[in-house]
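Under the working numbering, the letters of the sequence shown match residues 12 to 778, in that order. Each residue gets a CB set at the ideal place from its N, CA and C atoms; glycine is no exception.
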Amino acid sequence: MGNGNYKYKRPRSHIRLLPREPLQEKFNIPEVENGYPVPKNASTPKKDIYNPKDNRDIYFHALNAPKDIENSWDDLVHYLTSIYRTDMMKVRSIFSWLGVQEIESENYFFVPTPNNIDEITPRGYKKIIQDREGSYATLFALLCRKAGIRCAIINGLSKGFGYDVGETDVSHLRDRWNAVYIDGWRLIHPLWAFKNIISFKRGKWGPENELDKVKVEDIDDEQEKVVQHDFNEYYFMVDPLELINVCLPDDERWQMITPKISKDKWINIPFLMKRYHMEKFKITSEFKSTIKSKHGVCGLVIHAPSNKDRDYQLAYDLFFNYAEQKVELDDPIHLNRYVMLARDSSKNNWSLEARMPVAGVYRITVYGGPSMNSKLPWICDVAVKCNKTYKKIKPYPDCPKLGFGPVYMTERAGLTQPSHPNGMLFVKPRSTYHITFKLKQSIKEKARIIGEGVKDSEMEKWVTTTINNQSSLSILDVVVQLLHEGEYALKIFSKPAIERSKSTWENVCNYYLSTDPPRANGVEIKDKGFKTAKEINARKALQEASKGKDLHELKAAVAGFEEAGLYEEDGSFGKASVKMEYLELAKALKDAINRRNFDLLTKAIDQAELSDHAIKLGNLIEQAKAEREKLGPFNKYMHDVLEMKQSTISELTSYSYPTGVIFDILKATLILLGESPLDIQTWEATKAIFKRTGSGSIMRRVRAFDVSKVSNDKMIEVGSIISKYDDDSARAASAGAGTFYKWIDSVVNERTGGGSGLPESIEYEST
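Laid out in structure tokens, this is it:
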């Protein structure tokens with residue numbers, strides 16, 4: 012079994028492959044009809060014309076189609092499309108009907124086999140598909156065309172069943188799919204939307220994750236398969252940029268992407284499954300279908316999407332191609348021990364480093380998805396070629412189910428803000444390293460080190476764990492000192508501080524430790540001696556900045572440390588990050604108080620109260636709340652202005668000669684928003700500014716209004732202009748003028764004129 016989280020053990024029968032259409036069809040149906048527009052991708056996205064909420068009714072209408080109407084194109088198409096107004100709904104109805112047909116298992120005993128195109132009926136064509144002389148793509152096109160919808164049949168190559176990642180001879184990979192014209196051409200692969208193949212055997216890839224003596228003549232290159240009915244939304248109007256990775260049309264115009272992809276380039280693209288695109292994963296290392304190992308090692312890096320609502324987990328399988336290389340071994344090799352999965356939580360990158368114990372061709376299959384899923388879907392395959400057997404290649408010290416680095420289980424256990432976000436650490440022997448976490452809940456913890464060639468009793472002395480409770484923060488400090496060179500696995504366990512009946516130790520985080528020179532993507536990084544001038548300066552800058560209270564200086568030091576690609580030795584980076592978070596929250600509160608902005612105050616208060624610095628920031632939070640309370644009326648009247656309809660603004664600017672109160676209130680508004688009084692002395696000039704649209708519109712300027720930027724002189728001038736009016740006179744002149752008057756009056760009355768008197772520096776309580 013390939014390594015990964017213990018929750019994600021995947022039965023091999025759940026590997027789903029993509030079927031393909033027959034090589035030849037009984038009847039030659041033209042790919043396009045006369046008058047079709049040139050192939051060009053639709054300008055509007057799928058979500059703008061397709062509402063999944065409409066699917067239910069359309070689906071059940073198609074599901075309830077009578078069988079007797081399948082003997083007539085007109086009857087079937089009329090039933091499926093006559094009740095719908097738009098081409099989109101008509102296409103969806105045809106698509107849904109085709110999707111619910113059990114074509115391969117239906118009984119066609121009394122259906123005559125048509126001898127020419129004119130004799131074909133929908134049911135007759137279903138029989139042709141069952142006989143593997145017709146395709147889903149052609150039947151879909153015929154139905155669409157009968158409904159008056161332009162539908163093209165696209166012939167080409169696809170990486171469906173029978174494709175092995177990395178192979179260069181793709182002549183046998185013939186397939187066909189469709190494009191429908193709805194506000195532009197949109198791609199649909201009906202067969203892949205309705206069918207998939209469950210693979211039961213790996214064929215030439217041999218036993219699962221095990222390298223053993225296998226006779227080449229005993230290898231069954233054909234995979235056992237079962238075609239399963241499915242209904243897969245992804246291949247309905249699929250993005251051309253995504254489909255091109257697995258489907259290459261013969262006519263490059265149907266790629267509908269720029270620039271076009273050549274056949275050679277298409278062959279060299281990794282095998283990317285639909286979940287790779289749907290979950291927005293991205294291979295950030297060498298983007299090839301076949302990568303070559305260097306000194307028996309290779310690496311693959313996959314970037315997981317950044318999503319505040321959910322975290323992601325990856326897992327893998329490693330296979331060996333027995334048909335490519337004869338293997339003679341004294342003992343079997345368990346390939347899962349030769350792959351390391353490590354996460355860098357700061358970049359949300361997952362690294363899969365694989366070692367090749369013997370020469371030959373390997374395949375890395377990667378699974379990935381939201382961490383709480385019961386199963387991880389297949390996302391991609393990459394082939395690896397190793398031309399030489401390296402006798403020094405050995406398995407990793409451990410392959411924990413979580414992988415290496417902070418993962419979702421780490422956060423769930425209450426260990427946050429790790430000082431070392433990268434699961435691969437390259438250290439010096441006999442040096443002390445502090446790996447720290449901020450704790451969000453009370454826990455018990457322990458750690459152990461695993462390695463080869465050293466007694467367990469000795470390695471127990473290399474690691475200690477301490478929980479430091481300081482102020483409102485609790486810090487877990489894992490102190491590591493490797494006394495021998497080599498590579499090791501550091502495993503951290505925890506359980507709740509208040510033990511329950513079922514409380515057990517859980518592995519919540521792991522680190523790969525190596526005294527070898529640093530490497531990335533399986534390739535050794537040129538050793539710069541660990542203590543270059545750049546590293547010394549970066550570490551010194553971080554230490555000095557951490558002693559002070561200058562947020563800008565601290566952020567620059569942290570950024571310099573990260574850019575230098577340094578590894579922490581004493582926990583100072585983690586502690587600096589905690590301090591930086593505190594200073595940023597304090598600065599946000601102070602800025603919001605000084606600017607007297609209701610929205611900024613609310614945001615700063617919420618962030619501070621939800622943080623672990625809430626107690627230390629208590630005084631600033633109370634000041635911010637008091638200031639927000641004062642701004643209650645001011646915020647209400649600003650909201651009233653922003654809620655005004657455009658027709659109300661238009662009414663104010665429709666007067667040729669307005670009353671004095673309207674002119675004065677609009678002038679006062681513009682002065683408050685930063686206009687010079689000299690530029691708005693006439694009604695025409697004032698009206699012109701009020702009529703502006705886009706970024707210069709009145710509503711956008713009011714929304715971005717910052718009272719702290721209005722000088723005392725301008726505030727006095729504005730107050731003088733509106734002092735001769737009151738709420739009643741303003742509202743009597745115009746409802747819009749009355750709304751602006753209330754807002755201006757609230758700004759003038761609430762203005763204190765001297766800021767909040769907060770200190771310029773922010774005190775920081777050391778943690």
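Proximal residues to residue i (C-beta, below 8 angstroms), its chain only, five neighbours per side dropped
i: F541; result: Because the pLDDT at F541 is just 45, under 50, the model does not fix this residue reliably, and the point stays unresolved.
i: L184; result: R31, L168, S169, K170, G171, G173, Y174
i: C410; result: N14, N347, R348, V350, M351, L352
i: V227; result: In this prediction, V227 has a pLDDT of 44, which is less than 50 and means its spatial position is unreliable; nothing more can be read from the coordinates.
i: N760; result: none
i: E113; result: H240
Cut-off 6 angstroms between Cβ atoms - residues of its own chain near residue i, not counting five sequence neighbours on either side
i: A568; result: A552, L553, A556
i: I691; result: K678, L681, T697
i: L254; result: L198
i: R286; result: P388, I390
i: Q452; result: G425
i: Y192; result: R161
i: R63; result: Strictly speaking, residue 63 in this sequence is Pro, with Arg absent from that position. Excluding sequence neighbours, P63 sits near nothing in its chain.
i: S357; result: P432
i: N166; result: R187, D261
i: K539; result: Note that K539 has pLDDT 45, beneath the 50 cutoff, so the model's placement of it is unreliable and no number is given.
Residue i, enclosing alpha helix (DSSP H) - first and last residue
i: W516; result: Here W516 belongs to no alpha helix (DSSP H), and DSSP marks it neither H nor E.
i: I547; result: 544-558
i: R714; result: 709-714
i: N723; result: 723-733
i: D739; result: 738-744
Same chain, Cβ closer than 7 angstroms to residue i, five either side skipped, listed in chain order
i: P251; result: N52, L198, Q266, M267, I268
i: R607; result: E638, L642, V718, S719
i: P133; result: E81, W84, L87
i: F247; result: F106, I199, A204
i: E36; result: E144, G145, S146, T149
i: S296; result: G310, L311, V312, N532
i: I164; result: I40, E42, A148, T149, A152, R187, N189
Closer than 7 angstroms: residue i CB and nearest the ligand PLP heavy atom
i: K590; result: In the structure shown, the ligand PLP is absent, as is every other ligand, since no ligand is present at all.
Which residues DSSP lists as bridging residue i, in chain order
i: N479; result: I486
i: K396; result: K303, V372
i: M289; result: M289 is not bridged to any residue.
i: Q492; result: T443
i: W108; result: Paired residue(s): none; W108 is not in a bridge.
i: L28; result: I208
i: P260; result: G167
i: L809; result: Only positions 12 to 778 of the chain appear in the structure, and residue 809 is not among them; the question remains open.
i: K449; result: T427, I486
i: A353; result: S362, F415
Alpha-carbon spacing of residue i relative to residue j, whole angstroms
i: I660; j: G747; result: 7 angstroms
i: M351; j: W361; result: 10 angstroms
i: K517; j: V758; result: For clarity, residue 517 is Glu in the given sequence; the question names Lys instead. Taking the straight line joining both Cα atoms gives about 57 angstroms.
i: L677; j: I604; result: 28 angstroms
i: S104; j: G379; result: 33 angstroms
i: F211; j: L74; result: Residue placement at F211 is poorly supported in this model, since its pLDDT is 49, which falls under 50; the coordinates still yield a value, given next. Cα to Cα, F211 sits roughly 31 angstroms from L74.
i: I294; j: L311; result: 7 angstroms
i: T515; j: F298; result: 42 angstroms
i: V377; j: C162; result: 36 angstroms
i: S622; j: H314; result: 27 angstroms
i: L565; j: Y593; result: 12 angstroms
i: G48; j: N189; result: The residue you asked about is not Gly; residue 48 is Pro in the sequence shown. Those two C-alpha atoms are separated by around 15 angstroms.
i: L28; j: I209; result: 6 angstroms
i: R703; j: R742; result: 24 angstroms
i: Q618; j: E595; result: 10 angstroms
i: L501; j: L628; result: 36 angstroms
i: I626; j: K558; result: 21 angstroms
i: K735; j: E633; result: 37 angstroms
i: D320; j: M383; result: 11 angstroms
Bounding residues of the beta strand (DSSP E) (the contiguous stretch that carries residue i)
i: K506; result: 498-507
i: I682; result: Element bounds for I682: not the beta strand (DSSP E) but the alpha helix (DSSP H), 671-683.
i: C410; result: Neither: C410 is in no beta strand (DSSP E) and is coded neither H nor E.
i: W694; result: Taken as a continuous stretch (DSSP letters only), W694 belongs to no beta strand (DSSP E), being part of the alpha helix (DSSP H) at 694-701.
i: W361; result: 360-366
i: G629; result: Careful: G629 lies outside any beta strand (DSSP E), inside the alpha helix (DSSP H) at 629-641.
i: F247; result: 247-249
Worksheet item: For the segment 142-202, which segments carrying the alpha helix (DSSP H) assignment without a break, of at least 4 residues, lie completely within its bounds, in sequence order?
Response: 147-157
Discussion item. As an exercise, report each continuous beta strand (DSSP E) stretch of at least 3 residues that is fully enclosed by the segment 419-443, in chain order.
Written reply: 435-437
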